[in-house]
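Numbering (UniProt numbering), first residue to last: 1 to 87.
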Amino acid sequence: MAVRSGELVAVVGEVGCGKSSLVAALLGEMTKESGSVAVAGSVAYVPQQAWIQNATLRNNVLFGRPFDERFYDSVLEACALKPDLEM
């Protein structure tokens, strides 16, 4: 499998078909029996189970980054959270 820069790839399939194993191998989290993985740049992984810190909304959005109001507001807008926070 080859993925070019800028391409978006989704791994989908039935339960038990190996999606998680494939992603774990690509991320280097499991030993591969053969083949190799070469990553130039970054890889983003969105797990099936959501994970939220036991912290404030702001801390969950920033995730350790310094506060940047434009970034924070853009995330709230993208997640449709602004109306909920304007109560």
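Backbone N, C-alpha and C define an ideal beta-carbon position, used for all residues, glycine too.
Keep in mind the model is a prediction, meaning the values are calculated, not measured.
Leaving aside the five residues that flank A24 on each side, the residues in its chain whose CB is nearer than 6 Å to its CB run, in chain order, M30.
K19 carries a helical assignment under DSSP once its states are collapsed to helix, strand and coil. P83: member of the alpha helix (DSSP H) spanning K82 to L85, first to last residue. Approximately 20 Å separates the beta-carbon atoms of V9 and V15; this is outside 8 Å, ruling out the contact.
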